[in-house]
Amino acid sequence: MNISFLDDRGSLINFYEVLNIPLTAEKASIRSSFCALIKLFHPDAAGIDSEEQRRRAHLIIRAYKVLSDIALRAEYDRLLSASRNQDRPTFSVIPRRRVKYSVSLEGLLRTRMLNKRIRRAERVRNFGQDVEVFITPGESESGIVVRIDLPSRMTCPLCYGKDPDCHVCRGMGRIGGSSAVELTIPPPIAHDALYEFDLIKARPDRFTSFTMKSLKARISVIGKRNAAAATQQ
Ligand SMILES: [Zn+2]
Numbered sequence: 553m554n555i556s557f558l559d560d561r562g563s564l565i566n567f568y569e570v571l572n573i574p575l576t577a578e579k580a581s582i583r584s585s586f587c588a589l590i591k592l593f594h595p596d597a598a599g600i601d602s603e604e605q606r607r608r609a610h611l612i613i614r615a616y617k618v619l620s621d622i623a624l625r626a627e628y629d630r631l632l633s634a635s636r637n638q639d640r641p642t643f644s645v646i647p648r649r650r651v652k653y654s655v656s657l658e659g660l661l662r663t664r665m666l667n668k669r670i671r672r673a674e675r676v677r678n679f680g681q682d683v684e685v686f687i688t689p690g691e692s693e694s695g696i697v698v699r700i701d702l703p704s705r706m707t708c709p710l711c712y713g714k715d716p717d718c719h720v721c722r723g724m725g726r727i728g729g730s731s732a733v734e735l736t737i738p739p740p741i742a743h744d745a746l747y748e749f750d751l752i753k754a755r756p757d758r759f760t761s762f763t764m765k766s767l768k769a770r771i772s773v774i775g776k777r778n779a780a781a782a783t784q785q
């Protein structure tokens, strides 16, 4: 059997999307989805004969032929997962201990994070940045995801800011706390690069906002050994 997995432009077709089924679909559900769809698009059954409809019916038949054949499906699945890994790079997740906070930000956070105080070693004194993130050369090439704790303000969950005598917010309407922002930085990441993130739109949820308008993060690319040492100071 010689069935092409590619469309006219040479791109891999997603046959699972064509049949509207998950990647894990079993034979019975592949078949029932095919039967339902072909009724809708088959030119004979529908009574309306159009080029687009014929093309659609052929695609549905092709998807069914591939996914209902064990050997063909295995071959196709290999190509599909390879193509997915190509266009979706895998970012490295940076451990919390490799984020160091500026003295001023640390002071703000310390009053808000009762259980997770930031250790002295995790502060940086460099001015001009709020946090410094230490990454390895490998991580600079893969891109990174890093979570950073920041001071935040939450609308009072008891009175929603409407009760001047509220005992939870003491009539302030809002409560100070801390929330994490997740930053994604695509590769390549240069050593000593300074990134600035807008925090106004990066709200943790409807009721919470960060108190800072933006966050400046400096990225230091260091060797693996230095990365370990930086966390042990
Ligand atoms: Zn309140």
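Residue numbers for the sequence shown, in the working numbering: 553 to 785.
Just so you know, even glycine gets a beta-carbon here, dropped at the ideal spot from N, CA and C.
Remember, predicted model here, so these are calculated numbers, not experimental data.
query: Should Gly728 be listed as close to ligand 1, given that the test is whether its C-beta is under 7 Å from any heavy atom?
result: no
field: Extent of the continuous beta strand (DSSP E) run through Phe557
entry: Taken as a continuous stretch (DSSP letters only), Phe557 belongs to no beta strand (DSSP E), as it is neither H nor E.
query: Does at least one heavy atom of ligand 1 sit under 7 Å from the Cβ of Leu710?
result: yes
Phe749, enclosing beta strand (DSSP E) - first and last residue: 745-750
message: When you compare the stretch 708-725 with the stretch 738-748, are there three or more beta-carbon pairs, one atom per stretch, that lie closer than 8 Å?
response: no
- prompt: So, Leu735 versus Arg770, is the Cβ gap smaller than 8 Å?
  reply: no
- prompt: For the candidate residues Cys708, Val685, Ile752, whose alpha-carbon lies nearest to that of Ile774?
  reply: Val685
field: Cβ distance (whole Å) where Leu589 is taken to contact Ile612 below 8 Å
entry: 5 Å
query: Heavy atom of ligand 1 less than 7 Å from the Cβ of Val720, yes or no?
result: yes
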